[in-house]
Amino acid sequence: MAKIGFIGLGNMGLPMARNLMKAGHRVTGFDLAEDACAALTADGGSRAGSAAAAATAVEVVVSALPAARHVRAVYQGSGGILAAAAPGTLFIDCSTIDVDTARDVIAEAGERGQAMVDSPMSGGVGGATAGTLTFMVGGGEDAFAAARPVLEAMGGNIFHAGAAGAGCAAKICNNMMLAIQMIAVCEGFNLAERLGLEAAKLYEISSTATARCWSLNDYCPAPGPVPASPANRDYEPGFAAALMLKDLRIAMQAAQGAGAHTPLGAQATQIYALMELAGQADRDFSGVIRLLRGEM
Ligand code: NAD
Numbered sequence: 007m008a009k010i011g012f013i014g015l016g017n018m019g020l021p022m023a024r025n026l027m028k029a030g031h032r033v034t035g036f037d038l039a040e041d042a043c044a045a046l047t048a049d050g051g052s053r054a055g056s057a058a059a060a061a062t063a064v065e066v067v068v069s070a071l072p073a074a075r076h077v078r079a080v081y082q083g084s085g086g087i088l089a090a091a092a093p094g095t096l097f098i099d100c101s102t103i104d105v106d107t108a109r110d111v112i113a114e115a116g117e118r119g120q121a122m123v124d125s126p127m128s129g130g131v132g133g134a135t136a137g138t139l140t141f142m143v144g145g146g147e148d149a150f151a152a153a154r155p156v157l158e159a160m161g162g163n164i165f166h167a168g169a170a171g172a173g174c175a176a177k178i179c180n181n182m183m184l185a186i187q188m189i190a191v192c193e194g195f196n197l198a199e200r201l202g203l204e205a206a207k208l209y210e211i212s213s214t215a216t217a218r219c220w221s222l223n224d225y226c227p228a229p230g231p232v233p234a235s236p237a238n239r240d241y242e243p244g245f246a247a248a249l250m251l252k253d254l255r256i257a258m259q260a261a262q263g264a265g266a267h268t269p270l271g272a273q274a275t276q277i278y279a280l281m282e283l284a285g286q287a288d289r290d291f292s293g294v295i296r297l298l299r300g301e302m
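Its first residue numbered 7, the sequence shown is counted upward by one per residue in the working numbering.
Here's what the structure looks like:
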């Protein structure tokens with residue numbers, strides 16, 4: 007079992023760290039938030055005084071930070087954890103960030119004699135708690151092989167997406183497709199409502215017809231047909247619209263840089279930005295159906 011440093015004990019990081027401890031690893035954590043560190047120690051983890059301290063005297067460092075700027079601040083430069091850790095430490099960054107930042111940080115890790123992978127995840131807080139997350143990993147074969155057993159303590163599906171940055175590329179492509187798909191399903195259910203067709207009937211038909219997809223079949227944005235979906239609890243997330251908007255903005259930046267045409271991705275970004283403007287960014291992303299209904 008390994009000694010693991012964990013940086014970023016938020017909604018995702020804390021349950022992930024708990025699963026590492028359940029698997030027998032020794033976890034030393036750090037977060038800027040006092041209560042997050044206290045929650046880790048209450049469950050048997052140790053607390054470090056800084057990110058750099060959490061990265062020393064461990065074999066593996068896992069991070070789950072909000073955005074690229076936090077990842078750069080924690081990892082890079084003379085005060086960063088790449089410099090603080092012993093050579094040969096393995097770094098696994100699970101944050102959803104842009105491909106260029108992931109490649110840049112992994113390159114610096116290599117220059118400092120450290121192994122690193124980008125390993126964004128999907129499955130939400132539920133998956134983080136249950137230990138069933140999906141990880142999309144970018145990096146060299148050796149680093150992936152070393153990261154796999156650590157990731158297995160926190161997730162069910164572990165994919166090697168390709169070289170450095172490929173995990174982040176897979177994550178933003180997946181979420182751009184999901185955002186577009188969700189808005190399409192919301193438009194369908196909203197139109198049905200206006201035409202006097204019940205949501206339950208449309209679900210019965212479309213969940214077995216050509217429009218079927220995860221957003222419709224498993225996460226229906228209209229209340230009723232799928233009891234577990236956020237639509238049945240006032241769109242409490244789930245996956246907050248703010249996080250979807252963040253991922254879409256990363257995808258649009260990537261599309262511009264790569265010269266890829268993503269007209270529906272751009273439209274989806276605008277639509278989720280309207281949800282944010284309406285003060286609803288903390289609601290589940292399937293709540294975008296309310297925007298279409300004119301309820302925001
Ligand atoms: P969060 O905001 O709940 O947690 C992030 C934590 O990082 C916070 O506790 C914050 O205090 C800490 N932090 C920020 N800067 C720090 C620093 N310099 N040093 C130490 N700690 C610092 O976010 P989250 O929901 O746990 O998400 C983490 C990452 O996972 C994000 O990139 C997010 O996009 C991604 N993600 C989230 C979900 C989800 O459903 N929440 C799903 C998949 C992926």
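C-beta: ideal position from N, C-alpha, C; glycine also.
- In the three-state reduction of the DSSP assignment, N17 falls in the coil class, being assigned neither a helical nor a strand state.
- In this structure, A70 has its beta carbon less than 7 Å from a heavy atom of the ligand NAD.
- The three-state reading of DSSP puts S128 in strand, counting E and B together.
- The beta carbon of A248 sits closer than 8 Å to the beta carbons of E282, A287 and D288 from its chain, once the five residues preceding and following it are set aside; these are given in chain order.
- Of the candidates G144, L15 and C179, the residue whose Cα lies closest to the Cα of I164 is G144.
- Counting only residues of its own chain and dropping the five nearest sequence neighbours on each side, A8 has a CB closer than 6 Å to the CB of H31, E65 and V66.
- CA-to-CA, the gap between P93 and A228 works out to about 52 Å.
- Straight-line spacing of the CA atoms in G14 and I211 works out to 44 Å.
- In this structure, the ligand NAD has no non-hydrogen atom nearer than 7 Å to the beta-carbon of G51.
- Relative to the non-hydrogen atoms of the ligand NAD, the Cβ of L157 never comes closer than 7 Å to any of them.
- Counting other Cβ atoms within 10 Å of its Cβ, S84 stays below 16 and is therefore classed as exposed.
- Comparing C-alpha distances from E158 to each of G16, E301, A23 and R299 shows the shortest one belongs to A23.
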